[in-house]
Structure formats: structure tokens, C-alpha cells
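Anchor point for the sequence shown: position 221 equals 219 in the numbering used here, and the numbering is continuous, going up by one each time.
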Amino acid sequence: MDLLSQYGSYEFLPYLSNSSPPDTPQRSLAKILPSTQPQAESSLTLQNTSTWTYCGPLLVPNSITLPPSLHTWTTTTVSSPSAFFSRLLPLLTFLRTFLSEAGVHHYWLTVRATKPTTEYDKPRWHVDDDFFAPTGSIDGDRVQEKKSRREKSEARWKVCTTLLGPSTLFLPSPTALPHLRRVKSHQKKSREHPCTSVRCLGCADTGDVIRQTLAKDFTGEDVESHKYGEVAFFRLGDQKGAVHSEPKCDVDRIFINVVPGTEEEMRALMARWGMGFPRAWCFGVPVGLVRSDEFDRPK
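The following block contains the structure:
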């Protein structure tokens, strides 16, 4: 993946020439608000908080051939499916090209719709872990295995963007990641067991303390976020990862998260949960309308 070596811990990459959504009413330059949310006057709104997830080969950017569950999800979740697809399809086109050039042919793609919430009023600064890493404790006899997984994690990366609402926040300061490591190291010493990730349920309190500490320590720091029509490429892990947080979410938000991986990794992950591959499904839509697609794809 030499194409990606030019990027640091994170990079904002444009995929549209226009920084306003296609369904945003035209305004005179004098009335354009200096906001990072050009969607503020959009006709696209949300009916619920829910997600649509797909795990499989790169999707063909054509609304007709997309998994049926996505159409079910849009019908129950967004006010205008046509407005949603006018934003999604250009992104899928970009992802298909960008990821193919990076040697990636499969991904885990999540579309997360969130109604206004106070959950993210306080930033939750963190770096992402390896999505495919096995969970559980690591004993002293598996140090080399742990090292191998850590090195693989440091080579991992993700892509995210926002089709509606505020974008993910990133800390550009070169001292942010070292400080995060110090805080995590200090807090991990208080754990009663070794663990691969603060996502462990037994470490929930530790993870919360870390987030509270970082929210206080990073108060007043400069932050960056991508514009509409850009994606954020960012690296994972404690050594090279991008320190980021969800933004304050006081308006409707549609967030896209893309985790690249190999077919083998994807199949193993789905098998761990007793699910077939490829697969697409909705979560959080009204009961009775939940739909899951399990289908065969040409190899």
C-alpha cells in the first residue's frame, strides 16, 4: 500500500468538487454562514437513530444493485431516500477507486444515523484499535503474539466521513498522541487483569476515567475536521494512530465508517458472530422492519 505512505496519522481527502450537498438550497455568498455544517438548511432529516452495516466486496455505486436492506433502512430512517443516495453514491464511487488503488477489495461499511443527543457534548478523545484483533486477556507466554498483533494494528487505517451534520474532530498537535499514551499507561496500572483494549467490559470504568482525563487535558486545544465532500483517512493504534473524537451532536447526523480488510479477515470476523459472508443488515429501525441480506458474491 505505497499509495498510503504519504499520509501521516490523518489526512482529509476531497472526493467532491463542491463543498455543499446537492440538495442544499443555493444562497448568496453574503448569506453563507461560516459553519462546518453546510447541511444546516438541507431537506434531508432523520426519523430515528439507527445503523446500516455491510461486510463484503466493494459495493458497486448504483442504487439499483445495492443490498435491499439499505433501501429498507433509508425508507424508515431518512426523510428523502433520493437526497440520501445523491450524497452516498459519489462517496461509494470514490471509495471503490481509492481502496482498489490501495490494494483493498473488501470492507466493513457502516452508515450510522444519529438524532440529536447530549452523549457527545464532552469530547471522547481516543485512538481506534485494530477492528480484527481478537479480544480477551494476554498471558506472559504470548508476548510475541501480542507484539505481532500490535505491529499489524499500527499498519491499520480507516476512512470516515459525514453526509449530514458535524464531522469527526481530530487533534493536530504532535503532543496529543504521546499524552494519550501516558494517560492510558497510568490508568492501565490500576486494572486487575491484562487486556488488549479499553473496550473490554471489565475495563469500562478505566476507559471512562481515561476519556474524562483527556477531555479535561485537551480543553482549548486546536481541533480540525473535514468538510462536506471530504473523507478523513486516519491510522489506528497507540504508536501512529490519530487522536480523534465524535463531535457535539445537537443536530441530525449521518456518519460513514469504512474499515478495509481482506476477505479472509472479513469471513473470520463474521464467523465469530455466527453470521455468513457477505452480509448486510439494519439495526435500530422499527421492529418488524429489520432486514438482513445474506448473499453469494462471485469470487
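Glycine residues also receive a C-beta, built at the ideal position from the N, C-alpha and C atoms.
This structure is a prediction, so every number in the text was calculated from the model and none was measured.
| Query | Result |
| --- | --- |
| Rounded to a whole number of angstroms, what is the C-alpha to C-alpha distance between Asn16 and Lys186? | 45 Å |
| By alpha-carbon positions, which one of Glu228, Thr211, Tyr52 ends up nearest to Ser183? | Thr211 |
| According to DSSP, simplified to helix, strand and coil, what is His177? | helix |
| Check whether the stretch 93 to 110 touches the stretch 46 to 63, counting contact only when three or more Cβ pairs, one atom from each stretch, lie closer than 8 Å. | yes |
| Can we say the stretch 263 to 279 touches the stretch 166 to 184, given the rule of at least three CB pairs closer than 8 Å? | no |
| What residues in its chain sit with their C-beta under 6 Å from that of Pro121, if we drop five residues either side in the sequence? | Ala213, Ser243 |
| Among Tyr118, Gly101, Trp71, Pro176, which residue has its Cα nearest to the Cα of Gln45? | Trp71 |
| Quick check: the stretch 223 to 232 against the stretch 5 to 16, are there 3 or more CB pairs under 8 Å? | yes |
| Assign Leu90 to one of three DSSP states: helix, strand, or coil. | helix |
| Can you give me the Cβ contacts of Asp79 inside the same chain, cut-off strictly under 8 Å, excluding the 5 residues immediately before and after it? | A small correction: the amino acid at residue 79 is Pro; Asp does not occupy that position in the sequence shown. Same-chain partners within the cutoff: His69, Thr72, Thr73. |
| Need the endpoints of the alpha helix (DSSP H) that Trp71 sits in, please. | 66 to 75 |
| Just how far apart, CA to CA, sit Ser77 and Trp271? | 32 Å |
| Considering only the beta carbon of each residue, do Leu56 and His103 sit closer than 8 Å? | yes |
| In whole angstroms, what is the alpha-carbon distance linking Pro258 and His124? | 20 Å |
| Tell me Gly259's beta-bridge partners as DSSP assigns them. | His104 |
| In this structure, what does DSSP give as the bridge partners for Ile252? | Ala111, Leu162 |
| Here's a check: name, in chain order, each residue in its chain whose Cβ is nearer than 6 Å to the Cβ of Gly163, leaving out the five neighbours to either side. | Val249, Asp250, Arg251 |
| Note down, in chain order, each residue of its chain lying with its Cβ closer than 8 Å to the Cβ of Ser290, except the 5 sequence neighbours on either side. | Ser67, Arg277, Ala278, Trp279, Cys280 |
| From what residue to what residue does the beta strand (DSSP E) around Trp351 run? | For the chain, the structure presents residues -1 to 297; residue 351 sits outside this window and is missing. |
| Is it the case that the Cβ atoms of Leu178 and Val241 are separated by a distance below 8 Å? | yes |
| For Phe10, which beta-bridge partners are listed by DSSP? | Ala230 |
| Exposed or buried, Arg180, counting other C-beta atoms within 10 Å across all chains shown (16 or more means buried)? | exposed |
| With DSSP as the reference, label Ser41 as helix, strand or coil. | coil |
| Closest by CA to Glu262, which one among Ser48, Phe253, Gly274? | Gly274 |
| Taking Thr116 as the reference, give the member of Gly282, Cys247, Val283 with the closest Cα. | Cys247 |
| Quick one, are the C-beta atoms of Ala159 and Glu99 less than 8 Å apart? | What sits at residue 159 in the sequence shown is Thr, not Ala. Taking 8 Å as the Cβ cut-off, Thr159 and Glu99 do not qualify as a contacting pair. |
| State the Cα-Cα distance for the pair Tyr226 and Leu89, rounded to the nearest angstrom. | 11 Å |
| Could you tell me the alpha carbon to alpha carbon distance between Lys238 and Thr173, rounded to whole angstroms? | 12 Å |
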